[in-house]
Amino acid sequence: MFGLYSPPRRPQYNGAIEAGIGSLKSRIERRAAWEGHPEVWNAEDVEAARREANALARPRGGLGPTPETLWKSRERVATESRDQFRELVEIHRNRAMEEEGKSPSGVLLEQEARRMDRIALRRALVDHGDLLFKRGPIPLVIKSQKTVNITCGVHSTDAWPSNDLYYLHATRCKIDCRLRI
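So that you can map any letter, position 60 of the sequence shown is 1142 in the working numbering, and since no number is skipped, the others follow by simple counting.
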């Protein structure tokens, strides 16, 4: 097992974890309140919330499997595969250090070592076939409920030519409005 630390001041690396913790936190709070100690959590509350989330949550949609089902049906990693992966990580760590002009046998500051580990692990996961990058555009779809047509009673052609379509971006509510005047 490899520890993969986030870069400093980059909370977006932990987005999925933070979302999961938020869900778990509400389950723990509910459980602690049910047990009569809403302000103080204990290990039993945390464990019960974890079991509940794994048994009931459906992160892939209402008809999708629960985390518990996914975990039980996972493919076990063979010892040989783990050893190959460890070797790949070490190879890529050494390459990353050489690319940075550092000696693979040298001592690094903790932050530098973590950065080398992130580079090495990403490259090893790709080489091992466990991580795939799909390149290409990600289309931004604006759904109709987020677009509002506003018709205005202004008939003056001095300020605006009639029948033109103008866009007004309402920054506070983040809605694109089409203003037809």
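Beta carbons: idealized from backbone N, C-alpha and C, even for Gly.
- Within its own chain, the residues whose Cβ lies closer than 8 Å to the Cβ of residue 1141, once the five positions on either side in sequence are excluded, are 1149, listed in chain order.
- In the displayed model, residue 1146 falls within coil according to three-state DSSP, outside both helix and strand.
- Per the C-alpha coordinates, the member of 1176, 1171, 1095 and 1178 positioned closest to residue 1203 is 1171.
- Judged by beta-carbon spacing, residue 1196 lies within the 7 Å limit of residue 1087, meaning their Cβ atoms are closer than that value.
- Around the C-beta of residue 1165, fewer than 16 other C-beta atoms lie within 10 Å, and the residue is accordingly described as exposed.
- Below 8 Å, too few C-beta pairs join the segment 1096–1113 and the segment 1203–1216 to call them touching: fewer than three.
- Inter-residue distance for residue 1152 and residue 1136 is about 9 Å (C-alpha atoms, whole angstroms).
- Residue 1104 and residue 1128 have their C-alpha atoms roughly 13 Å apart.
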